[in-house]
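Numbered per our numbering, the sequence shown finishes at 209, counting up by one with no gaps. First up is the structure itself, then whatever we jot down about it.
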Amino acid sequence: MFCFCYNRLMRRIVLIDGENLVYGLREMMSTDGVRAPRSIINGLDIRGILEEILADNNPSEILWFGAKLRIYDNNEEIKQKSQAAVHIQSAFMNFIQKQKIQFIKVGYLRARESEPCVNCNEKVWRLAEKGVDVGLAVRMLTEANETTELVIITSDTDLVPAFRAAKKNGASLMHIGYENRPITALSRISDKTRTITLPLINKYNSRLL
């Protein structure tokens with residue numbers, strides 16, 4: 001009877017490693033070895049997927065972690081790429097907020113030149129998110145206690161120390177990974193493990209269009 005009451009009072013927070021999830025979905029939906037376009041995420045009922053995976057009536061606070069973006073003006077190429085990234089993120093934030101998912105801005109967007117092409121010696125500018133995993137880890141430890149269940153969607157093994165620390169602080173942990181890329185290091189620490197599958201993605205794809 002005590003355990004039943006305790007579970008009923010348990011607070012649940014879902015923490016999504018945003019770019020990691022986007023990459024995982026694109027990889028799972030690849031065709032002939034080519035990853036699906038990033039835009040595939042814009043038709044996905046993310047909350048629907050999570051509610052089916054969790055399969056209970058326990059309310060969930062869902063947090064999506066992504067980088068703080070800014071426009072770089074080093075040159076025209078990187079300016080256009082960073083402007084496009086800001087526009088895409090803004091539209092995506094509106095999309096997930098309609099699903100009652102909060103977008104948490106942490107880390108930053110790093111701009112750097114690639115190595116010279118071996119054929120033409122040309123360099124291109126690339127953008128990459130940095131520090132998002134650190135921001136997610138900090139939030140894990142901030143929320144970790146005996147009355148909280150943390151559900152983490154990621155395949156990033158850099159988060160292993162944060163998983164261990166959150167568990168030590170008394171939190172219940174659920175790791176959600178991808179069927180094509182199981183991460184034993186994270187699942188072994190967690191109390192429960194769930195998996196995002198391709199049939200589940202297809203079921204909730206374009207639901208919101």
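We treat Cβ as the ideally placed atom computed from N, Cα and C, and that holds for glycine.
Selection from the options that minimises the alpha carbon distance to residue i
i, options, result
"Arg35", "Gly43, Tyr108 and Val22", "Val22"
"Ile196", "Arg188, Arg11, Lys130 and Ile176", "Ile176"
"Glu129", "Ile96, Gln89 and Phe95", "Gln89"
"Asn180", "Leu15, Gly18, Ser30 and Pro37", "Ser30"
"Leu69", "Ile104, Thr147 and Lys192", "Ile104"
"Gln97", "Ile46, Glu27 and Glu77", "Ile46"
"Arg38", "Glu143, Phe92, Arg139 and Ile101", "Phe92"
"Leu63", "Lys79, Leu15 and Tyr204", "Leu15"
Assigned secondary structure, residue i (DSSP; H/G/I helix, E/B strand, else coil)
i, result
"Met10", "coil"
"Asp133", "helix"
"Asn20", "helix"
"Ala36", "coil"
"Thr147", "coil"
Spatial distance of residue i from residue j (CA atoms)
i, j, result
"Gly24", "Phe65", "15 Å"
"Val160", "Ser190", "10 Å"
"Glu146", "Arg164", "14 Å"
"Leu53", "Asp133", "The displayed chain sequence assigns Ile, not Leu, to residue 53. Using only the alpha carbons, I get a separation of about 23 Å."
"Ala166", "Glu76", "44 Å"
"Ser82", "Glu19", "16 Å"
"Met174", "Asn74", "42 Å"
Beta-carbon spacing of residue i, residue j below 9 Å
i, j, result
"Leu186", "Thr157", "yes"
"Gly170", "Gly131", "no"
"Ile13", "Val151", "yes"
"Ser206", "Leu44", "yes"
"Met28", "Ser172", "no"
- Task: Go through the stretch 46-76 residue by residue and report every complete run of the beta strand (DSSP E) that reaches 3 residues or more, in order.
- Result: Unbroken beta strand (DSSP E) stretches of 3 residues or longer found wholly inside the stretch 46-76: 61-67, given in chain order.
- Runs of alpha helix (DSSP H) wholly within the stretch 171-198 (minimum 4 residues, chain order): 184-189
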